[in-house]
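Here the structure is laid out as structure tokens; the discussion comes afterwards.
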């Protein structure tokens, strides 16, 4: 999101000001929410329906694409008046609108590609210690210490 925001500011020949930084902070919240929606759906699909992590995150991408796209488009259309405004105070608000629009456009693409990759990577890392400990104990899962 930050990369898209900075690129949009460069293309529009606008400075990275405090208002643009506020736009980047806003972007972080929206993009984080999109990733949480996908991961939450995938975890629920794994638990409730017994899907593999690959199938669960694929299903999450397919099912959550429309809500994520609608949220992104609503925020972009809400920022268009900020970016195109003219008149008193427009020079203060324009970097905010430009930052939001550019960051959301880039993050929309990146969220749909990077979130599944990170989800599967973290799942493999989570399974690795469990697999190694089973091999050390001869196939049996280690017992939990008694309290």
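Numbering (our numbering), first residue to last: 1 to 147.
All C-beta atoms in this analysis are idealised placements derived from N, C-alpha and C, irrespective of residue type, glycine included.
Everything numeric in this text was worked out from a predicted model, so none of it was measured.
Counting only the same chain and skipping the five closest in sequence on each side, list residues whose C-beta sits under 8 Å from that of residue i.
i, result
"residue 33", "71"
"residue 52", "46"
"residue 101", "8, 76, 79, 80 and 83"
"residue 111", "31, 34, 35, 38 and 68"
Determine the direct distance from the alpha carbon of residue j to that of residue i, and round the result to whole angstroms.
i, j, result
"residue 80", "residue 127", "45 Å"
"residue 122", "residue 113", "15 Å"
"residue 119", "residue 27", "21 Å"
"residue 56", "residue 43", "7 Å"
Below 8 Å on the Cβ atoms is my contact criterion, and I expect residue i with residue j to pass it. Report the Cβ-Cβ distance as a whole number of Å.
i, j, result
"residue 31", "residue 1", "5 Å"
"residue 103", "residue 23", "7 Å"
If you drop the 5 nearest sequence neighbours on each side, which residues of the same chain put their C-beta closer than 7 Å to that of residue i?
i, result
"residue 41", "60, 63 and 64"
"residue 85", "93 and 94"
"residue 89", "none"
Beta-carbon within less than 6 Å of residue i's beta-carbon, same chain only, minus the 5 sequence neighbours each way: which residues are those?
i, result
"residue 115", "35 and 38"
"residue 14", "95 and 98"
At least three beta-carbon pairs within less than 8 Å, the segment 5-19 to the segment 90-101: yes
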